[in-house]
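Before any comments, here is the structure.
2 protein chains.
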Amino acid sequence: MTALWLIVLCGVLSIVYAIWATSSVLSADAGSPRMQEIAGAVAEGAQAYLRRQYTTIGIVGVVIFVLLVYFLGLYVGIGFLIGAVLSGAAGFIGMNVSVRANVRTAQAATTSLAGGLELAFKAGAITGMLVAGLALLGVTLYFGFLVHSLKLAPDSRLVVDALVALGFGASLISIFARLGGGIFTKGADVGGDLVGKVEAGIPEDDPRNPATIADNVGDNVGDCAGMAADLFETYAVTAVATMVLAAIFFAKTPILMNMMTLPLAIGGICIITSIIGTFFVKLGPSQSIMGALYKGLIATGILSLIGIAGVIYYLIGFGKLDGVDYTGMSLFQCGIVGLVVTALIIWITEYYTGTDYRPVKSIAQASVTGHGTNVIQGLAVSMEATALPAIVIIAGILVTYSLAGLFGIAIATATMLALAGMVVALDAFGPVTDNAGGIAEMAGLPKEVRKSTDALDAVGNTTKAVTKGYAIGSAGLGALVLFAAYNQDLKFFVADSAHHPYFAGVNPDFSLNNPYVVVGLLFGGLLPYLFGAMGMTAVGRAASAIVEEVRRQFREKPGIMQGTDKPDYGRAVDLLTKAAIKEMIIPSLLPVLSPIFVYFVIYAIAGGGPAGKSAAFSAVGAMLLGVIVTGLFVAISMTSGGGAWDNAKKYIEDGHFGGKGSDAHKSAVTGDTVGDPYKDTAGPAVNPMIKITNIVALLLLAILAH
Amino acid sequence: MTALWLIVLCGVLSIVYAIWATSSVLSADAGSPRMQEIAGAVAEGAQAYLRRQYTTIGIVGVVIFVLLVYFLGLYVGIGFLIGAVLSGAAGFIGMNVSVRANVRTAQAATTSLAGGLELAFKAGAITGMLVAGLALLGVTLYFGFLVHSLKLAPDSRLVVDALVALGFGASLISIFARLGGGIFTKGADVGGDLVGKVEAGIPEDDPRNPATIADNVGDNVGDCAGMAADLFETYAVTAVATMVLAAIFFAKTPILMNMMTLPLAIGGICIITSIIGTFFVKLGPSQSIMGALYKGLIATGILSLIGIAGVIYYLIGFGKLDGVDYTGMSLFQCGIVGLVVTALIIWITEYYTGTDYRPVKSIAQASVTGHGTNVIQGLAVSMEATALPAIVIIAGILVTYSLAGLFGIAIATATMLALAGMVVALDAFGPVTDNAGGIAEMAGLPKEVRKSTDALDAVGNTTKAVTKGYAIGSAGLGALVLFAAYNQDLKFFVADSAHHPYFAGVNPDFSLNNPYVVVGLLFGGLLPYLFGAMGMTAVGRAASAIVEEVRRQFREKPGIMQGTDKPDYGRAVDLLTKAAIKEMIIPSLLPVLSPIFVYFVIYAIAGGGPAGKSAAFSAVGAMLLGVIVTGLFVAISMTSGGGAWDNAKKYIEDGHFGGKGSDAHKSAVTGDTVGDPYKDTAGPAVNPMIKITNIVALLLLAILAH
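Here the protein sequences line up with chains A and B, keeping their order.
When you line the first sequence up against our numbering, it's residues 1 to 706, in that order.
When you line the second sequence up against our numbering, it's residues 1 to 706, in that order.
Okay, structure coming up:
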């Protein structure tokens, strides 16, 4: 009980930090009236979009809530609501801070780079702490309520189902937010660039471009709100899956409650270390932005190591654990592995997306010979960028499994995600600086300001790729955890088929010899491809709509280009809002419905009855791994490749290979355009897609058991 | 015995057909001296390249031969040699016909489209029949020799190992030929286009472009010789894997020999039906080239159905089979499924790559808004194009498994590949017409000729994609067969550990619960990505070298552009030859060494001893499936996407969206350039890569057993 309250305290601390940081951001100078006017338009557009997105998700959510209550009872339904509402809240609040911080960052950048970094990072840290804090509070408080207030056994089905439903709520928001936000932001970006930069020959963020406000709105709804929902979900799902595994492995042991509390406690302590870490982010004499961010991250990592050791010692000790043949020390070592994996993935992603290394330079170099070679080299880099992260994940699985079996892998994943507050902070400052640059351009601030915001933005490209690599990497490492949760749940129902007659005679066979397993792997494997294709096409369609709209405005109001007439920014925002909402529905439902579809189709093909059920459960289980096997590579290649393309363009703009305006630059713009939906729409949405497939499979088991 | 001789007779028939068709092609009019001069240069370049490629492969081959003889004995080594030499011979002869048919096709096209089609298709059919015939002869004769002359039991280890080694020989040639040829052809194509079309503003195949002969050489060494080696390998490996499974499932039954003969007999009868089918390829009154090709394919399919029924009835009857619970009729039904899967994959690939359907049109449409949207839409199409083929393969696995278990899947795959003669014929006419177009352009033939060869070439783009889809589709369907061969082999050694002490106490666990299996899946999954990245980068490098060389020639000999000086074609060919040979080595060794690497690393990590061996065998087995799960999607997306990009360009050139020279056309050229290494280098090379990983794993088992 005390432990849970301490964890709640950590969650509350994150909110206190967020309130403090928010008031600190809001007290900064908001710039000239012109700047505030622009920022106001961005804020208005972003809020309008999010309102509409949440309304749509709300409808889907209510249907699912009713279904869950009907099939699994009220407490499971409430779990779902908690996950959904908190995930939405983290994104909504973060975004609201972000749309206020942008203009203040632009203003601060007029005096110094350090000032701009400080404000932007603080804004990002608010989102980061809220993501980790709200997720932790949601899971901990609901778990505590079920166990202590309702007096349910921590490993009872109702507790497990309610927690899984909480993860499902978070996942559902996440996939819609990632995809809808991604389509909005990249539709605006690609469409705006095509018609502005390429056709009309006006620079990025030029106020004459009617799509420019939409572009800035997109940064907030996609990169800030969408990303927050994604990491919230990853955090919640991993915590829940680890707790479910603890409930199974330590059932009927005296340490059950403490083992289930462990992932939450690790999350709690790491919120404190993350908050401390944010104060280490300071621009040093070298003026290296990445260096400043790394200082914060490294401080958080080292402090977390100490904190996690303390938490494990306090909760379960370092000695041998009841019921298993590993020790508390082994679990601590798994935590270290989680931190090392995080560090390595960050380092590898920076290598593949930073302007200082071979991959980005090779894309810039390939731009000299044309659009085609730029894209070829970018695709090659994107594919190559998957190899080392995959090897790190493989090594992580091997080491943690040998230390403490499946639970060791789970603890490593939980530790990895415990740093989410800090990692999200690193990422969420990106859209703020991106917006700040846009506002500086539109408000006609001096070139120097734009230079500062551009420098921040280039680092933002890398940290964005890093966060995505981290999110998908944790999914890879967590793959076995989620599959194990499915498998153990299934085992539980089969063993207890006296109470769950549906499972009588079921005998799933997850061996690769079983053709249903191969079929499941292949079907799972196709999901990220189909999903990615849908995301890319949606961006293409949204961008085309924007191109048409901007062309129409230029045609009907010739004064826009002369600066004598004002473009209608609202129309572009409105058009994209409708397009993004419409386009996000079907791809988002793909992973929700797939496990159900596969189950019933295979059940029917395999002849029904217990044999059919066995075949179907095997195929669904294999599908869960199949979706990770290809999803991992699709997601990493897209996010890293996209980041590399973007920074190759920036590298050329810094004066290499002919600089801005050269043919190489034109080719690099093409690569950047291709990379946009790769890195900001399809790629990152694969992560919630993987999770939601897994969570739906777990819920399917629970529903069939009822 | 009689059956084997009849099969040999079928193989011989294919060679008789090839000789007849060759003399028929050679007797056609070879055109003007200028045309012959150009064709001569192409032929010379192609032969020089192939000589060098085979010399390099020869060195690797000799090393492997010595190793195999040392570890597994002379007969296994000889099996390897037979596979390697025949695979090389099929490619070499086919290419030699192709470089003679190109100029004759150009000449024939001066009079009629039908004449051009007839000649080009006949040239393609030679390669097709040689691929199927030589593969069948090699496997059948060596199997007959081992069983009848050496009096070995058909299911003895030596026979199995020798056949697997034959597959390995074919695979080794195949991966080098696919990759080396692919790098050559696309280095020339991309580099030549960039510097010619884009920089110098001269049309494709313009004789002033020093890279143009190299481009034509590339068509022959890549699309003809490389593809022939690939299909030879697919054919041989599938036949061998099916025989190995028969040896296991029907061991000690009286029908053992006939069951092992069955895949060969299906191959034999389908050679006859394919030869008959070639005579149905005739341009009808509608002048539809695709229609003419389909007539041949459909005739072959229907005749094969009857032929396979006869073969099964003759060898094993339609009744219940000894030792298993399915009938000969079930196996016939599996054969039908194999043909249906072939038909569906061809139809789906045509949908995604043909100019008449939505996907290609959508890419053409997206070209209007620029390079970026063209590439985005192309990537979206490439990813989407994987879904339906995967579902067809999944359905194929489900149906054939329910009909006749694993052996049913094997028979379906074998039937699918039995049509290889005809399918290769459909494909191999592509490079001939591509060359014919080049020769027509360079020799200044009238525009009408170019129009005919272009029409043939557009169909060639689709049939090339179709063949690649078919090859990779069969690999997907055959995945379980190859994995089953590995698994059954492993079981055999474990059960017989008295004679194979290395396997004492080994107990592999292929369940998805086993972390070593997940690790294997992920590691296998990364191979196609890393391999693809290497292939793409290699093309980029080779193309850059060509760009530099052509620029140098233009600079040093200004007379070239005025037509007063002749470019040095030989230098470009020579440069590419060296580049391709150098670049193909490391990626080709990746799949050869990976199973060995994974085995020993996991063995060490899992603590050695029987437990370490069990873990390592499980991981290697999972790797085999992992490489297929991602490889299937990588390969299909690349080959279909590349074909779609190419034909989107052709669609625009046909006068849509502004036609040749428009901005849309420029964007489409970019897409085509990106698609080039996708569809002709990295994508198709994934297929042999998958096979070679599987074959090496089988050999690893055999070596460890010794």
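Note that beta-carbon positions come from the ideal geometry of N, C-alpha and C, so glycine has one too.
| Query | Result |
| --- | --- |
| Can A:A705 and A:Y486 be called in contact, C-beta distance under 8 Å? | no |
| Report the option in B:A188, B:L86, B:T110, B:A114 whose CA atom is closest to the CA atom of B:S171. | B:L86 |
| Using the C-alpha atoms, what's the distance from A:I636 back to B:G535? | 19 Å |
| Since B:H371 meets chain A, which of its residues come closer than 7 Å, beta carbon to beta carbon? | H371, T670 |
| State the Cα-Cα distance for the pair B:G267 and B:T415, rounded to the nearest angstrom. | 7 Å |
| Would you call the CB atoms of B:G79 and B:A162 closer than 8 Å? | yes |
| Since A:G222 and A:G182 should fall inside the 8 Å C-beta cutoff, what is the C-beta to C-beta distance between them, to a whole number of angstroms? | 5 Å |
| Tell me where the alpha helix (DSSP H) around A:T55 begins and ends. | 33 to 72 |
| Specify the secondary structure class of B:K320 as computed by DSSP and reduced to three states. | strand |
| Does B:V63 pass the burial test, meaning 16 or more other C-beta atoms within 10 Å, or should it be called exposed? | exposed |
| Please look up how many angstroms separate the CB atoms of A:G520 and A:G626, rounded, as I've assumed it's under 8 Å. | 6 Å |
| Should A:L146 be flagged as near chain B, meaning a C-beta pair shorter than 8 Å? | no |
| Would you say B:F657 faces chain A, with C-beta separation under 8 Å as the test? | no |
| Of the residues that make up the region 476 to 494 of chain B, which ones have a beta carbon closer than 8 Å to any beta carbon in chain A? | G476, A479, L480, F483, A484, N487 |
| Extract the residue ranges of the alpha helix (DSSP H) inside the region 248 to 320 of chain A, only unbroken runs of 4 or more that lie entirely within it. | 256 to 278, 289 to 315 |
| Would you identify the three-state DSSP class for A:S27, choosing helix, strand or coil? | coil |
| For B:A366, which residues of its own chain have a beta-carbon under 6 Å away from its beta-carbon, when the five flanking residues on both sides are left out? | T373, N374, Q377 |
| Can you give the beta carbon distance from B:G226 to B:S330, rounded, assuming they're within the 8 Å contact cut? | Wrong, their Cβ atoms sit about 37 Å apart, outside the cutoff. |
| Rounded C-beta distance between B:V360 and B:A572? I'm assuming under 8 Å. | Their Cβ separation, rounded to whole angstroms, is 31 Å, which puts B:V360 and B:A572 out of contact at 8 Å. |
| Run through the DSSP bridge pairs and tell me what B:S511 is partnered with. | A:S511 |
| From the DSSP output, read off the bridge partner residues of B:T327. | B:K320 |
| Using only the alpha-carbon positions, how far apart do B:N138 and A:L589 sit? | Per the sequence shown, the amino acid found at residue 138 of chain B is Gly instead of Asn. C-alpha separation (whole angstroms): 51 Å. |
| Using a Cβ cut-off of 8 Å, pull out every chain A residue sitting near B:N513, in sequence order please. | F483, A484, N487, F510 |
| For A:A387, would you say it is in contact with chain B, using Cβ-to-Cβ distances shorter than 8 Å as the test? | yes |
| Let me check understanding here. Comparing Cα to Cα, which of A:G196, A:I348, A:D215 lies closest to A:R208? | A:G196 |
| Comparing the C-beta of B:S544 with each C-beta of chain A, is any distance below 8 Å? | yes |
| Give the straight-line distance between the Cα atoms of A:I397 and B:G607, rounded to the nearest whole angstrom. | 15 Å |
| When you compare the CB of B:M536 with every CB in chain A, is at least one pair closer than 8 Å? | yes |
| Label B:V16 either buried or exposed according to how many other C-beta atoms from any shown protein chain fall within 10 Å of its C-beta, with 16 as the threshold for buried. | exposed |
| Using alpha carbons as the reference points, say which of A:D322, A:G405, A:G301 lies closest to A:K252. | A:D322 |
| Helix, strand or coil: how does DSSP classify A:G661 here? | coil |
| Answer with yes or no whether the minimum CB distance from B:Y599 to chain A is below 8 Å. | no |
| Here's a check: name, in chain order, each residue in its chain whose Cβ is nearer than 6 Å to the Cβ of A:S452, leaving out the five neighbours to either side. | A109, L113, G116 |
| Mind checking B:R358: buried by the 16 CB within 10 Å criterion, or exposed? | exposed |
| Against A:S662, what residues of chain B qualify as contacts under a CB-to-CB distance less than 8 Å, listed in chain order? | Those do not exist, as A:S662 stays about 14 Å from chain B at its closest Cβ, beyond 8 Å. |
| What residue range is occupied by the uninterrupted alpha helix (DSSP H) comprising A:P154? | A:P154 -> no alpha helix (DSSP H), and no H or E assigned at all. |
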